[in-house]
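Quick note, the working numbering runs 12 ahead of the 1-based positions in the sequence shown.
C-beta: ideal position from N, C-alpha, C; glycine also.
Please read the structure below before turning to the comments.
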Amino acid sequence: MRKLSIRVVSIDERRVDKIFNLAMQLFIVKNKIASIANLSEVADTDLRRVLSELEEALKMIYGEISRIRLIPLSILFKKLEELAYSLANSLKKKVVVEVEGENIMVDRKIVDVLTDPLIHIVRNAIDHGIEDSDERIRRGKKPTGLVRIEARRRGPYLRLVVSDDGRGIDAKKVIEKAVRTGILPESKLSSYTWSDVVRALTTPGFSTEERVTDISGRGVGLDVVKAKVEELGGRLAIQSEAGRGTRIVMTIPLTASVTRCLVIEDGGFLFGIPLESVEHVLRQGRGFVRYGDKIVVSKPLINGGDFTVILRTENRAIKAISVEGVLGEENLIIKPLPHILSSNNNESFISSTALYHDGRIVYIIDPDGLD
């Protein structure tokens, strides 16, 4: 039997990035040429055919360069799974770890940046979240705890979720500690929101645990997790129910992906919505609109206008936004928000950016972030 020989070639990552950026610039130039062709009074069939061929060639080049930078999430997920079982064993806790989406390919930078934060989250889940078997039985739960590590790719976004069915977060305890340490004002003791809880949990140095353990009481905290997610242009969400468990969601824009978007205009800004999230466009303004057998409220994105875009979120919920104009579909090169913008992003539905063919910035909407 002949042996299979594989030759590994070392590539300078900076050179790959440079070629990658050049490919993106070519894509933008192609979009500009296409825009000029569309404005022409005489539609040149040959020109449009050549532009279509150019677009396909650029997509192939872009795809091949992208694949050089990609690695499977299984490399990270396997490490997290082994860590969870090892910690559970050392703490004499019974746990099952479920993994989903481990075959998704992502940019190496995403794995490099999120490895330590994910290790911290898994440690917390095992150490502070999952109860021992006796306590779980007393609470009416199965003696074996569950930790889920999952990834989903939705358009230009990657969603990483770590959840457990353990104790959950004691919101009252968090608020009391936050007031005691001066993070929150005393008035929050009688009236607080979940946002106040998350603010406290993501404050540097904050912990409700009085004891420091070798497992999760040192090193990376949720403040660092939040900072690392924002470094990638993403956002962190923490969901929890006392006695039922905790779910931590990281939404990360995939590095410089080409995505077909519906481009809309409102309030003097351009916005893009990945087509897979767009259900329908109606020539109808804000207010109640009928979609199929449902009545939904069309809310102004900024000012609102004569058009309503019907959207579907990741969990299949229907939302509607009112906008001033619909400019059509376009392939956009989507890039993560710069860190300084993502960390100060008050509009949680803005996940990333792109350049329109005329040079204007397009703000990419994540429907799950819309109210």
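- Residue range S145 to R150 is occupied by the alpha helix (DSSP H) that includes R148.
- In the three-state scheme derived from DSSP, where H, G and I count as helix and E and B as strand, T258 is classed as strand.
- Membership of D124 in the alpha helix (DSSP H) is indicated by the continuous run R120 to N136.
- Uninterrupted alpha helix (DSSP H) stretches at least 4 residues long and entirely within the stretch 59-105 occur at 86-102, given in chain order.
- Between the C-alpha atoms of V374 and S310 there is a straight-line separation of about 22 Å.
- In the three-state reduction of the DSSP assignment, S334 falls in the strand class, which pools E and B.
- Excluding residues up to 5 positions away in sequence, A163 and M262 lie with their Cβ nearer than 6 Å to the Cβ of L172 in the same chain.
- Setting aside the 5 residues that flank it on each side, I149 is surrounded in the same chain by P155, each with a C-beta closer than 7 Å to its C-beta; the list follows chain order.
- Boundaries around E243 are those of the alpha helix (DSSP H), L234 to E243, since no beta strand (DSSP E) includes it.
- Across the structure, G157 and I376 are spaced so that their CA atoms are roughly 38 Å apart.
- Secondary structure at H369: coil, using DSSP grouped into helix, strand and coil.
- Per DSSP, reduced to three states, the secondary structure at A163 is strand.
- A distance below 6 Å between beta-carbons, with the five flanking residues on each side excluded, links G337 to the following residues of its chain, in chain order: E277.
- Taking C-beta atoms under 8 Å as the contact rule, V293 and V321 qualify, at a distance of about 6 Å.
- CA-CA distance, G180 to N315, rounds to 39 Å.
- With fewer than 16 neighbouring CB atoms inside 10 Å of its own CB, A329 falls in the exposed class.
- Residue burial annotation: G284 is buried, with at least 16 other C-beta atoms found within 10 angstroms of its C-beta.
- Per DSSP, K311 lies in no alpha helix (DSSP H) segment; the continuous beta strand (DSSP E) that holds it begins and ends at K306 to P312.
- Minimum Cα-Cα distance from I142 among the listed residues I116, Y169 and L99 corresponds to L99.
- L92 and G299 have their C-alpha atoms spaced approximately 47 Å apart.
- Under the three-state reduction of DSSP output, K347 falls in the strand class.
- The alpha carbon of A332 has as its nearest neighbour, out of R120, N343 and G297, the alpha carbon of G297.
- DSSP links E342 through a beta bridge to C273.
- From the listed residues F361, E112, R295 and S207, the smallest Cα separation to V335 is found for R295.
- Counting C-beta pairs closer than 8 Å gives fewer than three between the stretch 117-131 and the stretch 61-75, which falls short of the contact rule.
- Only residues of its own chain outside the window of five on either side were considered, and among them K331, P379 and D380 have a CB closer than 7 Å to the CB of T325, listed in chain order.
- Within the DSSP bridge table, the entry for I377 names I362 as partners.
- I133 is not a Cβ neighbour of R165, given a cutoff of 7 Å.
- Listed as beta-bridge partners of Y303 by DSSP are K306.
- Shown here, E198 sits in a helix according to DSSP, grouped into three states.
- Collapsing the DSSP output to three states places T320 in a strand.
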